[in-house]
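Written below as structure tokens is the structure these notes are about.
There are 2 protein chains.
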Amino acid sequence: MKSKLLNEVTETLLMGPGPSCVPNEVYEALSTPSLGHLDPHFIRIMDDIKTSLQTLFQTKNKLTIPVSGTGSAGMETCFVNLVEPGNKVLILSNGVFGKRMQDLAGRLGAEVDVLEFEWGTPVVPADVEKKLEGSKYDLIAVVHAETSTGVRNPVEEISKIVTKTGALFLVDSVTSLGGIPVKVDEWKIDAIYSGTQKCLSCPPGLSPVSMSDRAVKKIMDRKSKVPNWYLDLTMIINYWAGEKRAYHHTAPINMLYALNEAVHLILDEGLENVYKRHAEIHEYLGKELEKIGLNFYVEKAYRLPMLNAVTIPDGVDDASIRTHLLKNHQIEIGGGLGPLAGKIWRIGIMGHTARKENVDRLIKGLKEVL
Amino acid sequence: MKSKLLNEVTETLLMGPGPSCVPNEVYEALSTPSLGHLDPHFIRIMDDIKTSLQTLFQTKNKLTIPVSGTGSAGMETCFVNLVEPGNKVLILSNGVFGKRMQDLAGRLGAEVDVLEFEWGTPVVPADVEKKLEGSKYDLIAVVHAETSTGVRNPVEEISKIVTKTGALFLVDSVTSLGGIPVKVDEWKIDAIYSGTQKCLSCPPGLSPVSMSDRAVKKIMDRKSKVPNWYLDLTMIINYWAGEKRAYHHTAPINMLYALNEAVHLILDEGLENVYKRHAEIHEYLGKELEKIGLNFYVEKAYRLPMLNAVTIPDGVDDASIRTHLLKNHQIEIGGGLGPLAGKIWRIGIMGHTARKENVDRLIKGLKEVL
Numbered sequence: 177m178k179s180k181l182l183n184e185v186t187e188t189l190l191m192g193p194g195p196s197c198v199p200n201e202v203y204e205a206l207s208t209p210s211l212g213h214l215d216p217h218f219i220r221i222m223d224d225i226k227t228s229l230q231t232l233f234q235t236k237n238k239l240t241i242p243v244s245g246t247g248s249a250g251m252e253t254c255f256v257n258l259v260e261p262g263n264k265v266l267i268l269s270n271g272v273f274g275k276r277m278q279d280l281a282g283r284l285g286a287e288v289d290v291l292e293f294e295w296g297t298p299v300v301p302a303d304v305e306k307k308l309e310g311s312k313y314d315l316i317a318v319v320h321a322e323t324s325t326g327v328r329n330p331v332e333e334i335s336k337i338v339t340k341t342g343a344l345f346l347v348d349s350v351t352s353l354g355g356i357p358v359k360v361d362e363w364k365i366d367a368i369y370s371g372t373q374k375c376l377s378c379p380p381g382l383s384p385v386s387m388s389d390r391a392v393k394k395i396m397d398r399k400s401k402v403p404n405w406y407l408d409l410t411m412i413i414n415y416w417a418g419e420k421r422a423y424h425h426t427a428p429i430n431m432l433y434a435l436n437e438a439v440h441l442i443l444d445e446g447l448e449n450v451y452k453r454h455a456e457i458h459e460y461l462g463k464e465l466e467k468i469g470l471n472f473y474v475e476k477a478y479r480l481p482m483l484n485a486v487t488i489p490d491g492v493d494d495a496s497i498r499t500h501l502l503k504n505h506q507i508e509i510g511g512g513l514g515p516l517a518g519k520i521w522r523i524g525i526m527g528h529t530a531r532k533e534n535v536d537r538l539i540k541g542l543k544e545v546l
Numbered sequence: 177m178k179s180k181l182l183n184e185v186t187e188t189l190l191m192g193p194g195p196s197c198v199p200n201e202v203y204e205a206l207s208t209p210s211l212g213h214l215d216p217h218f219i220r221i222m223d224d225i226k227t228s229l230q231t232l233f234q235t236k237n238k239l240t241i242p243v244s245g246t247g248s249a250g251m252e253t254c255f256v257n258l259v260e261p262g263n264k265v266l267i268l269s270n271g272v273f274g275k276r277m278q279d280l281a282g283r284l285g286a287e288v289d290v291l292e293f294e295w296g297t298p299v300v301p302a303d304v305e306k307k308l309e310g311s312k313y314d315l316i317a318v319v320h321a322e323t324s325t326g327v328r329n330p331v332e333e334i335s336k337i338v339t340k341t342g343a344l345f346l347v348d349s350v351t352s353l354g355g356i357p358v359k360v361d362e363w364k365i366d367a368i369y370s371g372t373q374k375c376l377s378c379p380p381g382l383s384p385v386s387m388s389d390r391a392v393k394k395i396m397d398r399k400s401k402v403p404n405w406y407l408d409l410t411m412i413i414n415y416w417a418g419e420k421r422a423y424h425h426t427a428p429i430n431m432l433y434a435l436n437e438a439v440h441l442i443l444d445e446g447l448e449n450v451y452k453r454h455a456e457i458h459e460y461l462g463k464e465l466e467k468i469g470l471n472f473y474v475e476k477a478y479r480l481p482m483l484n485a486v487t488i489p490d491g492v493d494d495a496s497i498r499t500h501l502l503k504n505h506q507i508e509i510g511g512g513l514g515p516l517a518g519k520i521w522r523i524g525i526m527g528h529t530a531r532k533e534n535v536d537r538l539i540k541g542l543k544e545v546l
């Protein structure tokens with residue numbers, strides 16, 4: 177390679193909030209020779225991606241495709257296609273990614289209402305039920321795995337309340353997909369988005385999205401065009417699933433190769449085995465952290481296995497520890513965001529990263545520096 | 177690799193309207209180990225990308241960055257940031273990508289006016305001058321290299337007319353950048369977007385964008401938030417150029433490695449040499465096509481070197497020829513779009529593809545099948 181900076185990239189153990197470590201097979205897939213985006217063999221790969229994403233999302237939704245952008249592009253896709261000006265939207269919010277939904281929905285001219293919960297605590301179904309008494313929303317959205325706090329929101333319970341009201345139910349599964357069960361059909365989720373760089377262990381750049389038939393109907397019945405050409409699903413669907421596979425935009429060919437490989441690796445290991453591995457490594461991490469005097473920030477029942485918020489002990493300087501780990505041990509962990517900046521570390525054990533030897537390496541590094 | 181379909185990918189000579197062939201160095205860059213999107217070394221790579229894109233665009237514009245999506249995401253970025261509802265927009269249109277601009281600007285609530293020219297012919301500066309008499313537009317947009325027809329629009333001459341009016345001047349350089357001169361500062365272009373999968377010979381997935389200070393001022397002075405969270409430059413700029421490099425969305429790390437390498441390969445060869453290579457291979461292609469009775473569709477003065485529209489002879493079946501070339505010779509060429517479907521082939525000699533041996537291989541295949 178010519179670029180000096182690329183030659184100087186040091187392989188790093190990615191234990192932050194994403195990106196996560198990428199298996200060699202996925203790097204190999206990434207650099208498979210490019211095909212044209214209308215090549216019949218590439219169309220076969222696209223079809224295979226749709227099918228394997230359906231398995232991953234546990235859904236029969238026909239509209240299950242990767243959007244050509246990172247996780248936030250998936251969020252944008254869901255909102256911009258499903259929300260029309262004046263629609264009533266409720267966001268159940270307890271972290272950065274709930275706030276982001278609120279910001280986005282407002283930009284689209286929705287009447288946005290927010291039910292807020294303290295960062296580090298989960299959305300409380302009983303509070304949602306109370307909020308919905310006598311109110312009527314077109315769409316209700318929640319983040320499954322709040323990457324900013326390490327909290328798992330009880331999506332299955334929330335769904336039972338939301339779906340009674342007739343609102344569309346939108347879920348952010350950026351960090352949860354491929355790490356804990358995400359059951360789109362069983363939980364009656366109408367729209368869901370994820371990202372490739374968390375538990376799928378693929379580099380960032382794509383956002384798997386799935387929509388129920390109800391959601392697709394809402395999009396097809398829109399009064400106005402989707403105010404976003406690039407993410408307009410009424411056109412994108414013709415490229416991904418139409419009879420004629422009409423060109424919309426040039427698909428990110430090589431990233432799609434990588435996603436195809438990454439999802440196959442997960443399905444080959446088996447979804448239940450993958451969830452079990454995340455749960456076990458999370459347990460192991462907890463025990464090892466405890467030995468060196470560190471504790472989880474979130475209550476046990478709502479802890480995410482793949483994204484661990486850890487309380488920074490009093491008197492310990494957040495940034496200098498993280499810099500030391502990166503510089504001297506080639507390990508990346510994340511800091512806190514917003515009100516949790518300086519108060520927590522975010523330790524990711526996502527996808528390929530979720531292995532005992534990685535936890536051991538981190539603990540060794542933390543021991544040295546603390 | 178586990179995925180059977182990926183193992184079955186056949187290396188293909190990409191001579192369509194993009195993607196183009198990718199050099200080995202770029203594939204190698206693509207599969208360099210992922211770093212975190214806030215890793216100091218990755219920030220250095222981002223800085224290097226900005227600088228090298230400035231050289232490529234021939235601009236000092238501080239806001240010169242790759243957007244996290246394909247070329248159409250660059251188009252979306254320019255329009256959604258620069259256009260507010262009620263703004264008057266004029267599109268100079270002579271192909272699919274002009275039409276696309278028109279569609280997009282309409283979605284954003286602009287008053288869209290279009291000056292249309294026949295497909296296969298260029299935008300005529302005198303007609304633009306006449307159209308602008310007594311009219312006032314906030315933004316005027318044109319495609320530099322119309323990929324759908326193989327026409328080069330005279331951007332430099334158009335600029336002289338547009339910039340007198342005070343309108344912002346927006347240019348699509350998806351197919352031109354890295355193949356013919358694109359002089360952003362000299363031509364007083366206010367906003368420009370490109371794609372990685374044409375003359376940059378990098379896989380699709382990123383869109384280099386550059387904005388003048390006037391354009392940045394227009395964005396900063398907006399009355400309303402940009403109605404697109406993912407592509408909001410007021411926030412993205414903080415990640416790419418802010419003091420604190422604040423996280424916005426997770427950058428497509430590995431695609432950015434590839435872009436970094438691809439642009440360095442071009443700058444190492446030298447811009448003038450790269451333009452010369454495209455011009456020479458275009459000349460050579462023309463002569464070789466003539467020998468087998470094929471002619472360019474576009475008048476000589478406005479032909480693009482990198483995207484060649486070739487008239488399909490009477491009685492020749494477009495699709496079966498292209499299928500034969502792909503199946504038996506592993507060569508992809510493109511068909512016509514819209515009114516030119518079945519009438520032209522689009523033969524790309526973009527970036528790494530622009531080599532004599534590739535033209536020879538194509539001519540051999542065409543000879544066999546015609």
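Protein chains in written order, with our numbering: chain A, 177 to 546; chain B, 177 to 546.
Built from N, CA and C at the ideal position, the CB exists for glycine as well.
Computed from a predicted structure; not experimentally measured.
Chain A within 8 Å of I356 of chain B, Cβ atoms only: By one-based count along the second sequence, residue 356 of chain B stands at place 180. Answer no: the Cβ-Cβ gap between I356 of chain B and chain A never drops below 8 Å.
Collapsed DSSP secondary structure at D289 of chain B in the structure displayed: Sequence index remark: in the second sequence, residue 289 of chain B carries index 113 (1-based). In the structure shown, D289 of chain B sits in a strand (DSSP, three-state: E or B).
Rounded C-alpha distance that separates V360 of chain B from T341 of chain B: Counted from its first residue, the second sequence places residue 360 of chain B at position 184. Counted from its first residue, the second sequence places residue 341 of chain B at position 165. Those two C-alpha atoms are separated by around 18 Å.
Inter-stretch contact at 8 Å, needing at least 3 Cβ pairs: the region 470–487 of chain A / the region 294–307 of chain A: Contact holds: three or more Cβ-Cβ distances are below 8 Å.
Within-8 Å CB hit, E379 of chain B to chain A: As a working mapping, residue 379 of chain B is identified with position 203 in the second sequence. Residue identity differs from the one stated: residue 379 of chain B is Pro in this sequence, not Glu. Yes, because at least one Cβ of chain A sits closer than 8 Å to the Cβ of P379 of chain B.
Proximal residues to L431 of chain A (C-beta, below 6 Å), its chain only, five neighbours per side dropped: The residue you call residue 431 of chain A lines up with position 255 of the first sequence. A small fix is needed here, since residue 431 of chain A is Met in this sequence, not Leu. Same-chain partners within the cutoff: G381 and L382.
8 Å Cβ cutoff met for Y423 of chain A and Y433 of chain A: Translated into the one-based positions of the first sequence, residue 423 of chain A becomes position 247. Translated into the one-based positions of the first sequence, residue 433 of chain A becomes position 257. Contact flag unset, no.
Under 7 Å by beta carbon: chain A residues contacting T227 of chain B: Locating residue 227 of chain B in the second sequence gives position 51, counting from the first residue. Those do not exist, as T227 of chain B stays about 11 Å from chain A at its closest Cβ, beyond 7 Å.
Opening and closing residue of the alpha helix (DSSP H) in which Y203 of chain A lies: Taking the first residue of the first sequence as position 1, residue 203 of chain A is located at position 27. For Y203 of chain A, the enclosing alpha helix (DSSP H) has its first and last residue at N200 to L206.
Residue-chain proximity (I523 of chain B, chain A), Cβ-Cβ < 8 Å: Walking along the second sequence from the start, residue 523 of chain B turns up at place 347. Interface criterion not met: the Cβ of I523 of chain B is under 8 Å from no Cβ in chain A.
Residues sharing a beta bridge with N484 of chain B, DSSP: The count along the second sequence starts at 1 and reaches residue 484 of chain B at position 308. Paired residues: B:I523.
Where V304 of chain A sits in the DSSP three-state scheme: By one-based count along the first sequence, residue 304 of chain A stands at place 128. Here V304 of chain A carries a helix assignment [DSSP, helix/strand/coil].
Per-residue DSSP class, three states only, for K467 of chain B: Residue numbering aside, residue 467 of chain B sits at position 291 when the second sequence is read from its first letter. Assignment of K467 of chain B by DSSP, reduced to helix, strand and coil, places it in the helix class.
Short Cβ contact (8 Å threshold) for A367 of chain A with C254 of chain A: Here residue 367 of chain A refers to the residue found at position 191 of the first sequence. Here residue 254 of chain A refers to the residue found at position 78 of the first sequence. Yes, Cβ-Cβ distance for A367 of chain A and C254 of chain A is below 8 Å.
Own chain residues within Cβ distance below 6 Å of S349 of chain A, not counting five before or after: Mapped onto the first sequence, residue 349 of chain A falls at position 173. So the qualifying residues of the chain are H320, V358, I368 and S370.
For R453 of chain B, the three-state DSSP class (helix, strand or coil): Translated into the one-based positions of the second sequence, residue 453 of chain B becomes position 277. Note: R453 of chain B maps to helix in three-state DSSP.
Cβ-Cβ distance between H454 of chain A and P481 of chain A below 8 Å: If you number the first sequence from 1, residue 454 of chain A lands on position 278. If you number the first sequence from 1, residue 481 of chain A lands on position 305. With respect to P481 of chain A, H454 of chain A sits close: the two C-beta atoms are nearer than 8 Å.
Distance, L435 of chain B Cα to V202 of chain B Cα: Here residue 202 of chain B refers to the residue found at position 26 of the second sequence. Here residue 435 of chain B refers to the residue found at position 259 of the second sequence. V202 of chain B and L435 of chain B: Cα-Cα distance of roughly 8 Å.
Runs of alpha helix (DSSP H) wholly within the region 403–458 of chain B (minimum 4 residues, chain order): Here the runs fully enclosed are 409–417 and 429–445.
Close beta carbons around Q373 of chain A, own chain, < 7 Å, minus the five adjacent residues each side: Working through the first sequence from its first residue, we reach residue 373 of chain A at position 197. Within its own chain, the residues whose Cβ lies closer than 7 Å to the Cβ of Q373 of chain A, once the five positions on either side in sequence are excluded, are G194, P195, S196, P379 and P380, listed in chain order.
Assigned exposure category for D493 of chain B - 16 Cβ within 10 Å defines buried: As a position in the second sequence, residue 493 of chain B is number 317, starting the count at 1. Its Cβ having fewer than 16 others within 10 Å, D493 of chain B is exposed.
Distance, D279 of chain A Cα to S244 of chain B Cα: Taking the second sequence and counting its residues from 1, one reaches residue 244 of chain B at position 68. Taking the first sequence and counting its residues from 1, one reaches residue 279 of chain A at position 103. Their backbone Cα atoms lie some 20 Å apart in a straight line.
Other residues of its chain near V535 of chain A: CB distance less than 8 Å, five sequence neighbours each side excluded: Against the first sequence, residue 535 of chain A aligns to sequence position 359. Around V535 of chain A, the same chain offers I457, Y460, L461, E464 and I525 as residues with beta carbons nearer than 8 Å, after the five sequence neighbours per side are excluded.
Cβ-based neighbour list, L315 of chain B, same chain, cut-off 7 Å, excluding 5 preceding and 5 following: Your numbering for residue 315 of chain B matches position 139 in the second sequence. The answer, listed in chain order, is L258, V259, N263, V265, A343, L344 and L346.
Contact belief for P301 of chain B with I334 of chain B at Cβ below 8 Å, rounded distance in angstroms: Locating residue 301 of chain B in the second sequence gives position 125, counting from the first residue. Locating residue 334 of chain B in the second sequence gives position 158, counting from the first residue. Beta-carbon to beta-carbon, P301 of chain B and I334 of chain B are separated by about 6 Å, close enough to satisfy the 8 Å threshold.
Cβ-Cβ distance between S269 of chain A and V256 of chain A below 8 Å: On the first sequence, position 93 is the one that residue 269 of chain A refers to. On the first sequence, position 80 is the one that residue 256 of chain A refers to. No. Outside cutoff.
Backbone secondary structure at P216 of chain A - three-state DSSP: The sequence position of residue 216 of chain A within the first sequence is 40, counting from 1. In this structure, P216 of chain A counts as helix in the three-state DSSP scheme.
Proximal chain A residues relative to V319 of chain B, where beta-carbon distance stays under 7 Å: Position 143 of the second sequence holds residue 319 of chain B. Ordered by position in chain A, no residue passes the 7 Å Cβ test against V319 of chain B, which lies about 15 Å from the chain.
Paired residues, beta bridge with R479 of chain B - DSSP: Position 303 of the second sequence, counted from the first residue, corresponds to residue 479 of chain B. Beta-bridge partners assigned by DSSP to R479 of chain B: B:V327.
Secondary structure of V319 of chain A, DSSP reduced to three states: Taking the first residue of the first sequence as 1, we reach residue 319 of chain A at position 143. In this structure, DSSP gives V319 of chain A an extended state, which the three-state scheme calls strand.
Beta-carbon contacts of G512 of chain A that lie in its chain and below 6 Å, excluding the five residues immediately before and after: To locate residue 512 of chain A, count along the first sequence from 1; it is residue 336. Spatial neighbours of G512 of chain A in its own chain (CB-CB distance under 6 Å, excluding positions within 5 residues in sequence) are listed in chain order as K519 and I520.
Residues near L542 of chain B by beta carbon distance below 7 Å, same chain, minus five either side: Position 366 of the second sequence holds residue 542 of chain B. Contacts found: I468.
S311 of chain B, buried or exposed, once every other Cβ within 10 Å from all chains shown has been counted against 16: Within the second sequence, residue 311 of chain B is the residue found at index 135, counting from 1. In summary, S311 of chain B is exposed, with fewer than 16 beta-carbon neighbours lying within 10 Å of its beta-carbon over all protein chains present.
Residue range of the unbroken beta strand (DSSP E) whose run includes A239 of chain B: Here residue 239 of chain B corresponds to residue number 63 of the second sequence, with the count starting at 1. The sequence shown places Leu at residue 239 of chain B, not Ala. Judged by DSSP secondary structure, L239 of chain B falls within the beta strand (DSSP E) whose first and last residues are L239 to V243.
Presumed contact (8 Å Cβ cut-off) between C551 of chain A and L353 of chain A, rounded CB distance: The shown model of chain A, from 177 to 546, leaves out residue 551 of chain A, and the question about it has no answer.
Reduced DSSP category for M222 of chain A - H, G, I as helix; E, B as strand; rest coil: The residue you call residue 222 of chain A lines up with position 46 of the first sequence. M222 of chain A carries a helical assignment under DSSP once its states are collapsed to helix, strand and coil.
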